[in-house]
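Worksheet for the structure shown next.
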Amino acid sequence: MSVTAIVDYGVGNLFSLTSSVRALGGEPAVTGDSDLLASADRILLPGVGAFGDAADKLRGTGLIPVLEEQVRAGKPLMGICLGMQLLFESSSEYGDHAGLGWLNGRVESLTEALRGTPDADLKVPHMGWNSLTFEDPSCPLLAGIPEGSFVYFVHSFYAVDCGDSLRAWAPYGVRVPAVVSRENIFGCQFHPEKSGSVGLKILESFLRL
Amino acid sequence: MLTKRIIPCLDVRDGKVVKGVNFQGVRDIEDPVEMAAFYNECGADELVFYDITASFEQRRLFADVLRRVAERIFIPLCVGGGVSSVEDFDRILNAGADKVSVNSGAIRDPDLISRAARKYGDQCVVLSMDVKRVDGTYHVFAKGGREDTGLDALEWCRRGQDLGAGEIVLNSIDTDGVKTGFDLEMLRDVAERVTIPIIASGGAGTMEDFAKLFQLKGVDAGLAASIFHFREVDIRELKRYLAGQSVNVRQV
């Protein structure tokens, strides 16, 4: 059975993610151990909370060079929610914070983006089930998923200027990047482990990479 | 755009799902884990579990039920019942829940909402309110609807939002268990006071009741128990019906 490492850097609850990997027949390993990350078949980078705090915690583990090496070697890595946001260059959430910079783009406030638009009354956090519009249906994560499928979001900041890494987005006043990828690096703004059968299918596609 | 949500609610006591009528005469139905898996399959958008046990021993049993539920369902899970401290949030979230609902505990200690929101984020804190009309005003009731706190519901919902609650479950004691429709008047009055999402609870009897509910601005979800548990309303069918009424719902 192939091992999916789930990076443990002290943010968020990994119970559901672990359960969903197991339900799909995968072997989850919640770990902050660099040897385990190196020997795993693929890596999930979770995350909830504030960007700066999470980025600091991840840096504090000393695991970033390990992750970088694995990604450079071609190992599939998927960031989820804040874990996806960390893949970008920077975030303006409570200050200015550097991300991993593996994908082009920044993370900015959804509230600011909606201000002064006809959709200014949309609630932030963007929380609930929203639909996916495909930008690039050939993305392996979207295999077998009908366009318009619903997935579960909980977030207040979103990726902007992510250019050609955009694979699918959700309409919420602005186009909220929902699935991004570049080569072996993937990201989901929504929670696949909380998105019913559609989410499990997306996670399963990642487990098969 | 976000869909309107349909949420089955499961009251758990002694490890079993129960449902009361007007908060009295509770009776057993089924295994909570099997019921949760069933709802996960048939298109429920979220599940709410309330722990209505009292003793410490039963509380451990509930935590075990919760973990087994969280292993099986892959939709958001909100859990409440006897939550009175941030430690209760820790315990419930560690067992696999995504949100925690506070009720009497927040009435006794409103700052609990802020402390929990600071630690886990607003989206994690759900303020659940049991409300009944008393002398022409809305009163908040505590202890499962048994005790009139005298607190004005329209002030309490606003205060809850200001303290950092991310959602409100508004349960009308006046319509609860009666199955003649949600308390649209009460919901409208509360929706005018807050901007956070409102989950309507109490009174759903038919599919039409949900269609009427979702015409109200500010109401994001409809919660019900017995009509789903007893299969009087089938969630798949309900969603097909609502889609036909131009309500944006997630169909599976």
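Protein chains in written order, with this note's numbering: chain R, 11 to 219; chain X, 1275 to 1526. Quick reminder that beta carbons are idealized off the backbone N, C-alpha and C, glycines included. Predicted, not measured: the structure shown is a model, and the values here were computed from it.
- Scanning chain X for C-beta atoms nearer than 7 Å to the C-beta of R/Ser30 yields Phe1348, reported in chain order.
- For X/Gly1438, the closest Cβ of chain R is not nearer than 7 Å.
- Excluding the 5 residues flanking it on each side, X/Val1339 has same chain C-beta neighbours closer than 7 Å at Val1286, Gly1289, Pro1306 and Val1307, in chain order.
- X/Asn1314 sits in a helix when the DSSP states are folded into three classes.
- Restricting attention to X/Gly1370, X/Thr1449, X/Ala1465 and X/Asp1404, the CA atom closest to the CA of R/Leu24 is found in X/Gly1370.
- In the DSSP assignment, R/Glu79 falls within the alpha helix (DSSP H) that extends over Ile74 to Arg82.
- Sequence-distant partners of R/Leu68 (beyond 5 residues in either direction) whose C-beta falls short of 6 Å from its own C-beta, in its chain, are Tyr19.
- In this model, R/Glu99 and R/Leu176 are separated by some 15 Å (Cα to Cα).
- The beta carbon of R/Val58 lies closer than 7 Å to those of Val21, Gly22, Cys91 and Leu92 in the same chain, with the five residues before and after it left out.
- DSSP places X/Leu1437 within a helical segment (H, G or I) once states are collapsed to three.
- Counted as a single uninterrupted DSSP element, the stretch harbouring X/Ser1500 is not any beta strand (DSSP E) but the alpha helix (DSSP H) occupying residues Ser1500 to His1503.
- It is roughly 43 Å from the alpha-carbon of X/Met1309 to the alpha-carbon of R/Glu78.
- Taking a cut-off of 8 Å on C-beta distances, the stretch 115-131 of chain R touches the stretch 163-172 of chain R, as three or more cross pairs fall below it.
- In this structure, the beta-carbon distance from X/Gly1492 to X/Ile1472 falls below 7 Å.
- Between the beta-carbon of R/Leu142 and that of R/Gly89 there is about 17 Å, and that puts the pair past the 8 Å contact cut.
- The beta carbon of R/Glu203 sits closer than 7 Å to some beta carbon of chain X.
- When DSSP states are grouped into helix, strand and coil, X/Phe1456 belongs to the coil group.
- By the criterion of a C-beta distance shorter than 6 Å, X/Thr1423 is surrounded in its chain by Ile1381, Val1414 and Ala1416, once the five residues flanking it on both sides are discounted.
- In the three-state scheme derived from DSSP, where H, G and I count as helix and E and B as strand, R/Asn140 is classed as strand.
- By the neighbour-count definition (other C-beta atoms within 10 Å, threshold 16), R/Asp174 is an exposed residue.
- Judged by DSSP in its simplified three-state form, X/Asp1364 adopts helix.
- Counting C-beta pairs with one atom in each stretch, the stretch 182-199 of chain R and the stretch 1461-1469 of chain X have fewer than three that are closer than 8 Å, which means they do not touch.
- Annotation: the continuous alpha helix (DSSP H) that includes X/Lys1393 extends over Asp1385 to Tyr1394.
- The beta carbons of X/Leu1276 and R/Trp139 sit about 6 Å from each other, so the pair counts as a contact at 8 Å.
- X/Phe1330 counts as exposed, since fewer than 16 other C-beta atoms from the protein chains shown sit within 10 angstroms of its C-beta.
- Going by DSSP, X/Ile1281 is part of no alpha helix (DSSP H) but of the beta strand (DSSP E) stretching over Arg1279 to Arg1287.
- Every unbroken stretch of the beta strand (DSSP E) spanning 3 or more residues and falling wholly within the stretch 18-72 of chain R is given here in chain order: 37-41 and 52-55.
- When DSSP reads this structure, R/His107 sits in a beta bridge with R/Ser101.
- Boundaries of the alpha helix (DSSP H) around X/Gly1518: Ile1509 to Gly1518.
- Under DSSP, X/Asn1445 forms a beta bridge with X/Asp1404 and X/Ser1475.
- C-alpha of R/Asp146 to C-alpha of R/Gly209: approximately 18 Å in a straight line.
- Taking a beta-carbon distance threshold of 7 Å, X/Glu1345 counts as an interface residue toward chain R.
- Counted as a single uninterrupted DSSP element, the beta strand (DSSP E) harbouring X/Gly1424 occupies residues Glu1421 to Asp1426.
- The beta-carbon of R/Ser215 is placed no less than 7 Å from the nearest beta-carbon of chain X.
- The DSSP-derived three-state label of X/Lys1486 is helix.
- Here the stretch 176-186 of chain R makes no contact with the stretch 1442-1450 of chain X; the two share fewer than three CB pairs at distances below 8 Å.
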